[in-house]
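Report on the structure given below.
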Amino acid sequence: MAAPSRPMKVLMLCGYLQTGRIFSGRLGNLRKATKDFAELVFIDPPFVIEGEDNVDPEAPPLDTLKPEDYPRGWWMMRGEEGRRNYTNFDECLTYVRDVLDKQGPFDAVFGFSQGAGLAAIVTALVEKPELHPAFASCTHPPFRFSVIAAGFEPLDPRASKLFYTPVKTPSLHIIGKADPIVVEERSLKLADGFLDARVEFHDGGHFIPSKTPWKNFLKAYIQAFVNEEGAAARALAVPSPTPTPADPVDAPVREVLT
36 MAAPSRPMKV LMLCGYLQTG RIFSGRLGNL RKATKDFAEL VFIDPPFVIE
86 GEDNVDPEAP PLDTLKPEDY PRGWWMMRGE EGRRNYTNFD ECLTYVRDVL
136 DKQGPFDAVF GFSQGAGLAA IVTALVEKPE LHPAFASCTH PPFRFSVIAA
186 GFEPLDPRAS KLFYTPVKTP SLHIIGKADP IVVEERSLKL ADGFLDARVE
236 FHDGGHFIPS KTPWKNFLKA YIQAFVNEEG AAARALAVPS PTPTPADPVD
286 APVREVLT
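Per the numbering used here, residue 36 is the first one in the sequence shown, and the count goes up by one each step.
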């Protein structure tokens with residue numbers, strides 16, 4: 036494969052209560068594996084999470100932390116079962132659009148948990164910017180691909196409407212069969228919103244697998260898009276990291292916390 040003129044830029048979106056620095060540290064092996072052909076750009080969510088919105092029972096008080104260590108989120112959730120109102124959702128989209136404008140263009144997006152939900156939303160919006168006022172004047176091109184790990188079907192109507200027409204961008208959806216936070220059904224419903232979705236399962240919970248088969252798989256999947264011609268077909272042809280029933284299954288390693 037010919038070397039690209041520049042490394043691909045991949046926008047990395049962390050999970051709820053994380054920061055870009057934490058997410059970068061958790062994915063250190065992937066950063067090293069892809070450094071020759073991809074620049075992974077980790078950004079912080081715009082909002083500090085405190086009070087009842089911080090669902091971590093062991094969270095230390097904010098006044099004991101450095102500002103760069105404050106738990107952060109892309110939005111806060113309100114509402115009843117089956118429907119949500121994402122507080123600060125519009126402000127979040129404006130923030131991400133500004134990142135695209137100032138630091139882009141990005142070739143892809145990779146998100147985990149709440150960041151995966153946002154990755155799916157932004158993937159839809161760079162395809163169809165007219166669907167939200169924050170993106171109405173956005174000229175960022177569609178992504179080459181999206182990686183959505185522990186993503187979920189958005190229940191806020193402002194977000195769910197973005198998937199009424201399937202998103203065309205090739206996508207990889209990583210789902211933990213034992214995920215206690217994002218159940219498989221919601222992840223699969225999000226994958227249904229993509230025309231060319233590849234779904235890969237692991238036997239663990241709410242994390243991105245980090246063992247060698249998964250690291251090599253993610254490296255090969257991302258590398259498949261270095262040259263755009265035929266990229267989607269090459270990505271689909273990358274062998275699955277999931278062991279066959281005849282192979283031993285290693286105990287999962289917790290890679291990323293929500």
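Think of the CB as a built atom: it goes at the ideal place given N, C-alpha and C, for glycine as much as any other residue.
How many angstroms separate the CA atom of VAL288 from the CA atom of PRO248?
On the sequence shown, position 253 is the one that residue 288 refers to. On the sequence shown, position 213 is the one that residue 248 refers to. Interpretation of VAL288 is limited by its pLDDT of 36, a score under 50 that renders its predicted location unreliable; no figure is taken from the coordinates.
Measure the Cβ-Cβ separation of PRO102 and ILE84 and say whether it is below 7 Å.
For this step, residue 102 is matched to residue 67 along the sequence shown. For this step, residue 84 is matched to residue 49 along the sequence shown. It is not a contact, given that the beta carbons lie outside the stated cut-off.
Three-pair Cβ contact test at 8 Å for the segment 164-176 versus the segment 90-98
Taking a cut-off of 8 Å on C-beta distances, the segment 164-176 does not touch the segment 90-98, as fewer than three cross pairs fall below it.
Own chain partners of GLY50 with C-beta closer than 6 Å, once the 5 adjacent residues on each side are dropped
Taking the sequence shown and counting its residues from 1, one reaches residue 50 at position 15. Answer for GLY50: PHE147, SER148, GLN149, GLY150, THR293, listed in chain order.
Spell out whether any CB of chain C is found under 7 Å from the CB atom of ASP231.
Absent from the structure: chain C. Only one protein chain is present.
Check whether the Cβ atoms of GLY186 and ALA155 sit closer than 7 Å, and answer yes or no.
Translated into positions along the sequence shown, residue 186 becomes position 151. Translated into positions along the sequence shown, residue 155 becomes position 120. Contact annotation: GLY186 and ALA155 have beta-carbon atoms nearer than 7 Å.
What does a CB cutoff of less than 6 Å around LYS254 pick up in its chain, not counting 5 residues either side in sequence?
Translated into positions along the sequence shown, residue 254 becomes position 219. Same-chain partners within the cutoff: ALA68, THR69.
Simplified DSSP assignment, three categories, for THR69:
Translated into positions along the sequence shown, residue 69 becomes position 34. Helix, per DSSP.
Closer than 6 Å: ALA155 CB and nearest the ligand MG heavy atom:
The ligand content of the structure shown is nil, which means the ligand MG is not present either.
Return helix, strand or coil for ILE243, following the three-state DSSP convention.
Residue numbering aside, residue 243 sits at position 208 when the sequence shown is read from its first letter. Here ILE243 sits in coil by DSSP.
How is the beta strand (DSSP E) around SER181 delimited, first residue to last?
Numbered from its first residue, the sequence shown carries residue 181 at position 146. It spans 180-184 - the beta strand (DSSP E) in which SER181 sits, taken as one unbroken run.
List the residues that DSSP assigns as beta-bridge partners of ILE209.
The residue given as residue 209 occupies position 174 in the sequence shown. Answer by DSSP bridge pairing, in chain order: ALA184, GLU235.
Mind reading off the beta-carbon distance from ALA272 to ALA266? Whole number of angstroms is fine, and I expect it under 8 Å.
Along the sequence shown, read from residue 1 onward, the residue named residue 272 stands at position 237. Along the sequence shown, read from residue 1 onward, the residue named residue 266 stands at position 231. Wrong, their Cβ atoms sit about 11 Å apart, outside the cutoff.
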